[in-house]
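The structure appears below as structure tokens.
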Amino acid sequence: MAIWESIPEQFQMVLIILAQVLAVTIVVTLCVAYLTLAERKVIGYIQNRIGPNRVGPKGLLQPFADVIKLLLKEVVVPSSANRFLFVIAPLLSITPALAAWAVMPLFPGFTLANINAGLLYVLALTSLGVYGVILAGWASNSKYAFLGAMRSAAQIVAYEIAMGFALVAVVMASGSLNLGEIVEAQAGGAGLLNWFWLPLFPLFVVYFISGVAETNRAPFDVAEGESEIVAGFHVEYSGVTFAIFFLAEYANMILISALTAVFFLGGWLSPFQGLFGEDSVLGAPGLFWFALKTAFFLFCFLWFRATFPRYRYDQIMRLGWKIFIPVTIVWIFVLGAMIAFQVPPWFA
Amino acid sequence: MLENYLPILIFLLVGAGLGGVLLLLGFLLGRGGKDAQKLSPYECGFEAFEDSRMKFDVRYYLVAILFIIFDLEIAFLFPWAVALDGLGMFGFLTMAVFLLLLVVGFIYEWKKGALEWD
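What follows is the structure, given as structure tokens:
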């Protein structure tokens with residue numbers, strides 16, 4: 548403790564924050580690792596297989612075996628690639644996917660960075676992810692990578708508009724850009740009926756589907772499209788550079804699921820708030836509820852992948868531009884009317 | 424106020440650091456010989472035909488331009504949405520006019536076929 552007290556106060560603060568950041572990063576990274584295993588297991592059982600079960604008890608050590616394998620593989624940088632951009636692109640993917648967690652309200656009263664512009668920060672960082680994809684596709688100097696990057700960029704950009712409109716509605720309903728305050732605005736005696744998913748139902752659906760499209764997950768995975776353009780933007784990546792793109796994709800899935808839980812399902816609020824009271828085990832808000840809601844959306848990601856065939860590209864663009872954008876604009880008007888007439892229980 | 428943003432800076436550095444460490448480990452641990460065939464761009468076993476930075480469909484460009492317009496509208500909507508409680512009916516109707524103008528533009532794009540992909 549003597550050493551700790553000899554450190555100047557500002558440095559103590561920085562060290563405490565660093566420890567918290569590292570803790571969150573490690574937990575998120577572990578979640579990513581086990582999400583990859585969960586995906587293989589869930590899809591396995593959906594397809595009547597049992598999935599990986601060899602490494603460790605019931606296959607529980609599989610993610611670590613994968614990481615070690617990928618670390619030991621050769622990193623190939625194609626001769627015609629732009630070396631600097633080629634290596635920097637995976638970093639540009641992973642950094643925003645992790646750093647967005649800085650403003651996430653994890654449990655009551657705790658957010659790493661409790662800033663007033665939290666939602667804008669999230670919007671900015673989730674938009675940055677597209678740069679990693681474009682740079683990877685362009686720097687590879689390969690036709691498949693280039694095609695994949697073009698498709699992916701246009702798709703992400705199209706769905707971001709619908710996402711932005713849905714977020715505008717969340718801000719209208721909660722009156723705040725602070726993610727913690729958005730969660731608190733959904734608290735109330737009616738429990739899960741008080742959350743924004745009900746008054747914002749179409750936007751809730753639009754937001755989550757846009758999230759699936761933004762992360763380039765099936766059925767919107769034309770950017771990878773194994774059967775047409777091999778692997779899309781990361782076709783030239785091998786070993787650890789590929790592993791980082793993989794990590795970023797799964798980190799983004801967890802991020803989108805957590806954000807959907809925060810914006811529409813009341814984050815750490817308990818669904819039984821009014822039923823059991825805040826003091827009981829089931830009624831108390833906490834990290835448990837947040838994790839449970841996030842896990843539900845993650846399961847939906849895997850379920851979609853196992854169930855739906857891949858969309859055609861023109862269908863993807865039609866869904867984004869011609870269905871989602873009109874729906875969101877109309878619902879912003881409806882929501883404005885609901886707020887103006889103070890419809891209970893949400894806007895009373 | 425500003426110190427609330429310190430965790431964000433630290434998180435950005437940690438995020439980039441994690442990626443950097445992984446990259447470094449990969450370059451140090453990864454092994455294997457390199458030859459011209461392995462380093463050439465992948466093209467189903469053929470020699471690459473032409474430069475891969477080829478012409479691309481103009482519609483991608485169109486999508487990017489439409490995106491900028493709409494994203495700007497969303498940026499306009501955010502401060503209004505935060506202040507909606509204090510603005511009351513007048514504030515709502517003002518933005519309704521703005522959104523209507525946006526919708527007129529959107530219908531024009533739609534009828535012009537800018538949103539068609541095939």
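Residue numbers (the working numbering), protein chains in the order written: chain A, 548 to 895; chain B, 424 to 541. Glycine is no exception: its CB is placed at the ideal position from the N, C-alpha and C atoms. Bear in mind that the values here come from a model prediction, so they are computed numbers and not experimental data.
PRO652(A) - containing beta strand (DSSP E), residue span: Numbered from its first residue, the first sequence carries residue 652(A) at position 105. That run of the beta strand (DSSP E) goes 652-654.
Taking 7 Å as the cut-off, does the CB of GLU796(A) come closer than this to any heavy atom belonging to the ligand ADP? By its list of ligands, the structure shown contains no ligand whatsoever, and the ligand ADP lies outside what it can speak to.
When the cut-off is 8 Å and only beta carbons count, does PHE755(A) lie next to chain B? For the purposes of this step, residue 755(A) is identified with residue 208 of the first sequence, where counting begins at 1. No - not a single Cβ of chain B is within 8 Å of the one on PHE755(A).
Counting only Cβ-Cβ distances shorter than 8 Å, please list the residues of the segment 445-459 of chain B near chain A, keeping chain order. Flagged, chain order: LEU445, LEU446, LEU448, GLY449, PHE450, LEU452, GLY453, ARG454, GLY455, LYS457 and ALA459.
Taking a contact to mean a Cβ-Cβ separation below 8 Å, would you say TYR691(A) touches GLY779(A) in this structure? Against the first sequence, residue 691(A) aligns to sequence position 144. Against the first sequence, residue 779(A) aligns to sequence position 232. Their beta carbons are under 8 Å apart, which means TYR691(A) touches GLY779(A) by this criterion.
Short CB-CB distance (under 8 Å) between ILE488(B) and chain A: Position 65 of the second sequence, counted from the first residue, corresponds to residue 488(B). Chain A, which has no Cβ nearer than 8 Å to the Cβ of ILE488(B), makes this no.
By the 10 Å Cβ neighbour count, where 16 or more other Cβ atoms means buried, how is ILE488(B) classified, buried or exposed? Residue numbering aside, residue 488(B) sits at position 65 when the second sequence is read from its first letter. Around the CB of ILE488(B), fewer than 16 other CB atoms lie within 10 Å, so the residue is classed as exposed.
DSSP has THR658(A) in a bridge; who is on the other side? For this step, residue 658(A) is matched to residue 111 along the first sequence. DSSP links THR658(A) through a beta bridge to PRO652(A).
is_contact[VAL527(B), chain A] using C-beta, thresh 8 Å: Within the second sequence, numbered from 1, the residue matching residue 527(B) stands at position 104. It does not; no Cβ of chain A falls within 8 Å.
Using the beta-carbon of each residue, which ones in chain B are nearer than 8 Å to ARG865(A)? As a working mapping, residue 865(A) is identified with position 318 in the first sequence. In chain order, LEU538 and TRP540 make up the part of chain B whose C-beta sits under 8 Å from the C-beta of ARG865(A).
Taking only the alpha-carbon atoms, compute the straight-line gap between LEU750(A) and MET518(B) and give it to the nearest angstrom. Here residue 750(A) refers to the residue found at position 203 when the first sequence is read from its first residue. Here residue 518(B) refers to the residue found at position 95 when the second sequence is read from its first residue. Each residue's Cα considered, the two are about 19 Å apart.
Could you check whether ALA720(A) and LEU619(A) sit closer than 8 Å to each other, using their CB atoms as the reference points? Here residue 619(A) corresponds to residue number 72 of the first sequence, with the count starting at 1. Here residue 720(A) corresponds to residue number 173 of the first sequence, with the count starting at 1. Result no, Cβ atoms of LEU619(A) and ALA720(A) do not sit closer than 8 Å.
Please classify ASN799(A): does DSSP put it in a helix, a strand, or coil? As a working mapping, residue 799(A) is identified with position 252 in the first sequence. In this structure, ASN799(A) counts as helix in the three-state DSSP scheme.
Pair every Cβ in the segment 738-756 of chain A with every Cβ in the segment 783-790 of chain A, then say whether three or more of these pairs are closer than 8 Å. Between the segment 738-756 of chain A and the segment 783-790 of chain A, the count of Cβ pairs shorter than 8 Å is below three; the stretches do not touch.
Cβ pair TRP648(A), VAL753(A) closer than 8 Å: Stepping through the first sequence from its first residue, residue 648(A) is reached at position 101. Stepping through the first sequence from its first residue, residue 753(A) is reached at position 206. Contact flag unset, no.
So PHE479(B) contacts chain A; which residues on that side make the cut at Cβ distance below 9 Å? Mapped onto the second sequence, residue 479(B) falls at position 56. The answer, in chain order, is PHE693, LEU694 and MET697.
Report all residues from its chain with a CB closer than 7 Å to the CB of VAL623(A); omit the five preceding and five following residues, and keep chain order. As a position in the first sequence, residue 623(A) is number 76, starting the count at 1. Take VAL623(A), set aside five residues on each side of it, and the residues of its chain with a beta-carbon closer than 7 Å to its own are SER785, in chain order.
With a threshold of 7 Å on Cβ separation, who are the neighbours of GLY676(A) within its own chain once the five nearest residues in sequence on each side are excluded? Taking the first residue of the first sequence as 1, we reach residue 676(A) at position 129. Result list for GLY676(A): SER640, PRO643, ALA644 and ASN799, in chain order.
Report the option in PHE880(A), ILE886(A) and PHE894(A) whose CA atom is closest to the CA atom of LEU523(B). In the second sequence, the residue the question calls residue 523(B) occupies position 100. Per the Cα distances, PHE880(A).
By the criterion of Cβ-Cβ separation under 8 Å, what are the contact partners of LEU522(B) in chain A? Mapped onto the second sequence, residue 522(B) falls at position 99. Chain A residues near LEU522(B): ILE876, ILE879 and PHE880.
Looking at the structure shown, is GLY453(B) part of a helix, part of a strand, or coil, going by DSSP? For the purposes of this step, residue 453(B) is taken as residue 30 along the second sequence, with counting starting at 1. Look at GLY453(B) here: in three-state DSSP terms it is coil, with no helix or strand label.
THR572(A) at chain B interface by Cβ criterion, 8 Å: Counting from 1 along the first sequence, the entry for residue 572(A) is found at position 25. By this cut-off, THR572(A) is an interface position.
Does the beta carbon of ASN799(A) sit closer than 8 Å to a beta carbon anywhere in chain B? The residue labelled residue 799(A) in the question sits at position 252 within the first sequence. Residue-level contact check: ASN799(A) does not touch chain B, since none of the beta carbons of chain B fall below 8 Å from its beta carbon.
Counting pairs of Cβ atoms below 8 Å between the segment 833-853 of chain A and the segment 804-816 of chain A, do you hit three or more? Short answer: they touch.
Decide yes or no for the touch test of the segment 549-564 of chain A against the segment 763-773 of chain A: beta carbon pairs closer than 8 Å, at least 3 of them. Counting Cβ pairs under 8 Å, fewer than three are found: no touch.
How long is the line joining the alpha carbons of ALA831(A) and ILE597(A), rounded to whole angstroms? To locate residue 831(A), count along the first sequence from 1; it is residue 284. To locate residue 597(A), count along the first sequence from 1; it is residue 50. One C-alpha to the other measures close to 37 Å.
Considering only the alpha carbon of each residue, which of VAL579(A), THR572(A) and ILE870(A) lies closest to SER757(A)? As a first step, residue 757(A) must be located in the first sequence, where it is residue number 210. Of VAL579(A), THR572(A) and ILE870(A), the residue nearest in Cα terms is ILE870(A).
Against chain B, with Cβ distances strictly below 8 Å, would GLU783(A) count as a contact? Taking the first residue of the first sequence as position 1, residue 783(A) is located at position 236. At least one CB of chain B lies nearer than 8 Å to the CB of GLU783(A).
Minimum C-alpha distance to PHE631(A) - residue among TRP836(A), LEU682(A), PHE835(A) and GLN559(A): For the purposes of this step, residue 631(A) is identified with residue 84 of the first sequence, where counting begins at 1. Nearest option by C-alpha distance: LEU682(A).
Could you give the DSSP three-state label for SER817(A): helix, strand or coil? By one-based count along the first sequence, residue 817(A) stands at place 270. Here SER817(A) sits in coil by DSSP.
Would the beta-carbon of ILE662(A) fall within 8 Å of that of TYR428(B)? In the first sequence, the residue the question calls residue 662(A) occupies position 115. In the second sequence, the residue the question calls residue 428(B) occupies position 5. Yes, they are a contact pair.
Beta-carbon spacing of ASP494(B), GLY711(A) below 8 Å: The count along the second sequence starts at 1 and reaches residue 494(B) at position 71. The count along the first sequence starts at 1 and reaches residue 711(A) at position 164. Less than 8 Å divides the Cβ of ASP494(B) from the Cβ of GLY711(A).
Would you say LEU429(B) lies against chain A (beta-carbon separation less than 8 Å)? If you number the second sequence from 1, residue 429(B) lands on position 6. So yes, LEU429(B) belongs to the interface.
Helix, strand or coil at ASP458(B) according to DSSP, with G and I counted as helix: Taking the first residue of the second sequence as 1, we reach residue 458(B) at position 35. Secondary structure of ASP458(B) (DSSP, three-state): coil.
State the Cα-Cα distance for the pair PHE811(A) and ILE801(A), rounded to the nearest angstrom. The residue labelled residue 811(A) in the question sits at position 264 within the first sequence. The residue labelled residue 801(A) in the question sits at position 254 within the first sequence. In a straight line, the C-alpha of PHE811(A) is about 15 Å away from that of ILE801(A).
Is PHE515(B) close to chain A? Criterion is C-beta to C-beta, closer than 8 Å. Position 92 of the second sequence holds residue 515(B). Chain A, which has a Cβ nearer than 8 Å to the Cβ of PHE515(B), makes this yes.
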